[in-house]
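Residue numbers (this note's numbering), protein chains in the order written: chain A, 807 to 1336; chain B, 33 to 357.
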C-alpha cells in the first residue's frame, strides 16, 4: 500500500467512525467475568453461557423472573397417560432471525441434535423419548417411563432452525474435538428478542434488538455490547467510571465502594447454589490421614462432630461479610417447600469434642482437605476458616487450596475421587430436589450415572429407593413428602456439612433498572436504561 | 563465517525444540482440560468419550510427537474453549499486542532518552532529582499496581481516559485491526502504553544518564570544548550520538520482553491481545493456545538473539577473527 492510499484509507475510516452511531440509540454495555465462547447452544452447559444465548435462542418453555416455568415457544402443553406422553402446542407466527418460520420440524430436529454425540446437553431430553409431528404446530413426545419433571430444564434447551443448520453444515453439534470451526459456533439464528450482530470470541459480542420478536418486549434497548473482563479490579473500575452499565459479579470486598459511588449500586440476593463440605465415607482407609486401617468418617459420630464444630454464622459474618444464607439442607430454601423445618445442629465445639472421643479419637486426627480457590465466592477463605474451627476439636486439617482446574482434576470421578475432605458447590440443574438426591446422595455404581458427583461416596439404599419414587411421582404434595423423607434420612446421617447459599452481587449503573433472577442468569431483556 | 551462522541456526532450532518439550511436560500439571469443557453434571461416559477424541489418553511421547509434527505445518490445533483454530485466534489478537508493545517501546525510548540526557546535563537541578525519584518508582513498583493506580486516577476519579479495552478499532487489509486511527482508540492506548513502557523507560533513562556522564568526561569532548564548538553541537552532535549505541542494543533486546510481559498489562486493562488470551487459556487449561503462545514467544526471543549475534559479527571485527578460528 502506498503512503497516499494508506492515508486515504485512514481518512475514510475516521469519517466512517464518526458516522456510525446514530443518535438516540440505547446501548447497554455489560461485562462479565467469563467469556462467551462458542455460540452453538449445545456446546457448554453453564449458567453464564446459557444466559447469554437465552437472549438469542428460546426453548419450548421459559422461566420467569421468579423462576416459575411458563410457556416459551410452546404456547401450552398437556400430559397424557400419567406423564408418559406429552403434547406440545407450538406458538404460531414465530420467525427465526433469518425470516424462516418456526415449526414442529425444528423441534424434532433440535431433539435429535441435542441428544447427538458432542452435545453437552444430552440429559435435557431422555434418550428413549420419541418425538412425533402431529401437524406443523403440534408435537407429541412419548417417554419410556413417566417423568413429571421432563420440562424442568427445557428453558435452556434452545430450539435451532433445521433448515438453517442443515444449509450451513451444522446439523451435528460442534464437538469439542472439532478441527474446523463450524458455522453455528460463530453465528446464531434463533427466535429470541435479540440477534447477534457481531461476535469476536473472548473479546466482544454485540446483540441488536429483534424488531420482529413475537413476545411483548420489556426492555427499551437497541443494542447490548458484551465484553468479558476477567480481572476483578478492572471490571469494578469500568463500572465506576461509567464505561459499562452492568457487571457480574462484584467482588464482596468492593460492594461498599460500588454502593458509595454516585454512578452505580449493587443488586444482591441469595443464589441457589449451596456450598458444602463433604468427606470420604466409602474407602476403608482415608487417602490423606494419620488414621490407618480404618476410616473415621464411616462413624456417624465423627460426621456429627464435624457438623457441630463448623460455625456457619461466623463464616457468614467474617468470611462472607454478611452476604450468605446459612443452610441446614443441601438445597436452597427457594427450591423445596419444607426447608424451614430443618435446623443446623447447634454450634458446640465441646459436645463435638466429646463425640469424637466417644468414636475413639479423644485427641482428634489429621486429615487432608481439598479446596478450590477460584471457583466460588471466597472459597479459599471459607476453607481456612474451617481449618481453624476444626482445630478447636483437635482435628488437624492439612489444607490444599488450588485453582479449579487442578482441584476438579483431583476430586471428580475422572480423577478417581482422590479426596478425603473437600468443599464443593451445587446448584441442581433442574431446580429440583431429585437432582440433589440423585447426583450427590445416590449410591455410586459402576456404569450408572447415579451418584457420579457424590465425591465422598455416601450411600443409603433407602434414599435411593425414595429418589426413584420421587422421579415418577406426579402429585406435588405427595412428592414433597417423599423428598422430606429422603432429606430426613440424609440429615440424620450427616451425609454432608451444608454451609450456606452464597449471595449474588451484580453491579448496576444507577441509570439501569434490572430484574435479578436467583439462578444468577443476567437477562437483559428485562432491563431498561434511562 | 558461514559455519558460525549455521551453528547459530542449529542452536536456535535446538532451543525451540526444548521450549516445546518443557512446555509440553508442564502441561501435565496444569489440570484436566476436559473438566473445563463440560458442565459439572455431565455424565462420566460423555467425559471419557471427549477425552479419547482429544487424544488425551495417548502416551505423552505420542502426544508430543503429534504436536511437533503439526507445529511444523504451522498447525497448532483447535482451542478447547473457543472451538476455533489457534493460529486464527492468535492472528486476530496479534495486532492489539503489537500496537501496544510498539507504542510502549516508542514511549520508553523517546521519554527515556530525553529524561536521561536532561539528568546527565543538569545533574543538580530539582527537575533532574524529580526524574530520578520517578524512575525509582518505575523500577520498584510492580506493573499491575501502576496500572490499577493509573486506572483509578485517570478513569475513575478524573474520567479522562478509558479504563479498559481498545476503543473503536478500524480494519486494515484482511486481518490487521488498528486503534491508532480513531480518537477512542488512541485514548484507550495511553494508559496501557505508559504502564507497559514505564519500566523500560526508567531503564533507558538511567542507562542514558550514566553513559552520557561517562562520555562527557572523555578527552574528545574536552577537545571539542577547547576548540570552541557550541555547547549544543557538543551535547547533541557528539556526546548523545556516542551514548546511543549501547542504548539501541538494549532497547532492541527489550522489545522481546515488552511483548512477552504485556500479559500483565493486558490483563489489568482488559486489552484484547495475545497475553490476555494466554492468561485465560491457563485458567481454562486450553493447552493448544498455551503451546502455540509459548512457541511464538520462544521464536521471538530466539530470532532477536540470533539477529543480535549475527549483527555483532558484522559490526565488530574482533569477533569476526574469533569466529574464524
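Just so you know, even glycine gets a beta-carbon here, dropped at the ideal spot from N, CA and C.
Quick caveat, the model's predicted, so the values are computed rather than measured.
CB contact check: residue i to chain A, cutoff 9 Å
| i | result |
| --- | --- |
| residue 95 (chain B) | no |
| residue 64 (chain B) | yes |
| residue 295 (chain B) | no |
| residue 77 (chain B) | yes |
| residue 307 (chain B) | no |
| residue 219 (chain B) | no |
| residue 45 (chain B) | no |
| residue 252 (chain B) | no |
| residue 116 (chain B) | yes |
| residue 108 (chain B) | no |
| residue 69 (chain B) | yes |
| residue 145 (chain B) | no |
Per-residue burial, residue i [other beta carbons within 10 Å of its own, 16 or more giving buried]
| i | result |
| --- | --- |
| residue 1079 (chain A) | buried |
| residue 394 (chain B) | There is no way to answer for residue 394 (chain B), as the model of chain B reaches only from 33 to 357. |
| residue 904 (chain A) | exposed |
| residue 159 (chain B) | exposed |
| residue 45 (chain B) | exposed |
| residue 1115 (chain A) | buried |
| residue 278 (chain B) | exposed |
| residue 246 (chain B) | exposed |
| residue 197 (chain B) | buried |
| residue 789 (chain A) | Residue 789 (chain A) lies beyond the range of chain A shown here (807 to 1336); nothing can be said about it. |
| residue 1059 (chain A) | exposed |
| residue 1285 (chain A) | buried |
| residue 930 (chain A) | buried |
Residue i and residue j closer than 9 Å at C-beta
| i | j | result |
| --- | --- | --- |
| residue 856 (chain A) | residue 962 (chain A) | yes |
| residue 187 (chain B) | residue 1070 (chain A) | no |
| residue 1151 (chain A) | residue 1113 (chain A) | yes |
| residue 836 (chain A) | residue 1040 (chain A) | no |
| residue 1226 (chain A) | residue 1175 (chain A) | yes |
| residue 895 (chain A) | residue 944 (chain A) | yes |
| residue 1241 (chain A) | residue 853 (chain A) | no |
| residue 1172 (chain A) | residue 1192 (chain A) | no |
| residue 848 (chain A) | residue 979 (chain A) | yes |
Closer than 9 Å to chain B by CB, residue i
| i | result |
| --- | --- |
| residue 1176 (chain A) | no |
| residue 1035 (chain A) | yes |
| residue 1139 (chain A) | no |
| residue 1221 (chain A) | yes |
| residue 1056 (chain A) | no |
| residue 1238 (chain A) | no |
| residue 1248 (chain A) | no |
| residue 841 (chain A) | yes |
| residue 849 (chain A) | yes |
| residue 929 (chain A) | yes |
| residue 1207 (chain A) | no |
| residue 1102 (chain A) | no |
| residue 1213 (chain A) | yes |
| residue 926 (chain A) | yes |
| residue 1263 (chain A) | no |
| residue 971 (chain A) | no |
| residue 909 (chain A) | no |
| residue 1168 (chain A) | no |
Heavy atom of the ligand NAD within 8 Å of residue i beta-carbon
| i | result |
| --- | --- |
| residue 1050 (chain A) | This structure simply doesn't include the ligand NAD, nor any ligand for that matter. |
Whole-Å CB distance - residue i paired with residue j, under 8 Å assumed
| i | j | result |
| --- | --- | --- |
| residue 1278 (chain A) | residue 1295 (chain A) | With a Cβ gap of about 19 Å, residue 1278 (chain A) and residue 1295 (chain A) do not count as contacting. |
| residue 225 (chain B) | residue 194 (chain B) | Between residue 194 (chain B) and residue 225 (chain B) the Cβ distance is about 13 Å, and since that is not below 8 Å, they are no contact. |
| residue 999 (chain A) | residue 1018 (chain A) | So it is not a contact: roughly 10 Å between Cβ atoms. |
| residue 953 (chain A) | residue 74 (chain B) | About 20 Å separates the two Cβ atoms, so there is no contact after all. |
| residue 1075 (chain A) | residue 868 (chain A) | Not quite, the Cβ-Cβ distance comes to about 20 Å (not below 8 Å), so this is no contact. |
Measuring CB atoms only, is the segment 1167 to 1179 of chain A touching the segment 1137 to 1145 of chain A, in the sense that at least three cross pairs come out at less than 8 Å? no
Are the segment 135 to 148 of chain B and the segment 233 to 241 of chain B in contact at 8 Å, needing three or more beta carbon pairs? yes
Taking three-plus beta-carbon pairs below 8 Å as touching, is the segment 53 to 61 of chain B in contact with the segment 319 to 331 of chain B? yes
I want to know whether the segment 1053 to 1071 of chain A touches the segment 1311 to 1324 of chain A - three or more CB-CB distances under 8 Å. yes
With a cut-off of 8 Å, do at least 3 Cβ pairs link the segment 1115 to 1130 of chain A to the segment 1317 to 1333 of chain A? no
Kindly confirm or deny that the segment 286 to 293 of chain B and the segment 177 to 197 of chain B touch, where touching means at least three C-beta pairs closer than 8 Å. no
Quick check: the segment 256 to 270 of chain B against the segment 292 to 309 of chain B, are there 3 or more CB pairs under 8 Å? no
Pairing CB atoms from the segment 960 to 976 of chain A with CB atoms from the segment 912 to 920 of chain A, are three or more of them under 8 Å? yes
Pairing CB atoms from the segment 862 to 874 of chain A with CB atoms from the segment 992 to 1009 of chain A, are three or more of them under 8 Å? yes
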